[in-house]
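Under the numbering used here, the first residue of the sequence shown carries the number 1427, and numbering increases by one thereafter.
Report on one structure; see the data block that follows.
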Amino acid sequence: MIEDFLLSVIDHVDTPKLFATVKIGSLDATGKAIAVRMIPSGRGERYFEGSTQKVNFQFLTKSKNQLEAINGLEKIADKLSDVRNDGIPSLTGKFALLSCDIYTTLNLVEKTNTNEYIYTALFTAELEGGE
């Protein structure tokens, strides 16, 4: 379910307006890059009928052009802020999105020794269903 969720998030945010293709995992070592990856999450809610799953994830952008890295991450954050009720549909039907929002806004991670800027933002989602 987690891989399906990340692929669904990529499908939701990966528009031609982004400066690089979004990949799951780490940033590419060379050139412009955008990555999404899971980060530690707390437990979801428990109900009589079942439970939900909390999923926290991180987006990273990297570019030698600082404004490009910032603007790319802002476009992603705009797409993922305050999303509710299946606003990000599952590509395989394995989950239903209850909510998704940003919980740590855009931050500079570092300027690398090759003069590339890396920025990050953290998001949280609540899902139901899945395996």
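All residues carry an ideal CB built from backbone N, CA and C; glycine is no exception.
Sequence-distant residues of its chain with Cβ nearer than 7 Å to residue i (five each side left out)
i, result
"ASP1437", "LEU1517"
"LYS1501", "LYS1443, LEU1444"
Residue i classed as buried or exposed, judged by whether at least 16 other C-beta atoms fall within 10 angstroms
i, result
"LEU1524", "buried"
"SER1489", "buried"
"PHE1459", "Strictly speaking, residue 1459 in this sequence is Ala, with Phe absent from that position. Result: buried."
"SER1434", "buried"
"GLY1457", "exposed"
"GLY1498", "buried"
Helix, strand or coil at residue i according to DSSP, with G and I counted as helix
i, result
"PHE1431", "helix"
"ASN1541", "coil"
"ASP1527", "strand"
"ASN1491", "coil"
Beta-carbon contacts of residue i that lie in its chain and below 8 Å, excluding the five residues immediately before and after
i, result
"ILE1450", "GLU1429, LEU1432, LEU1433, ILE1436, ALA1461, VAL1462, ARG1463"
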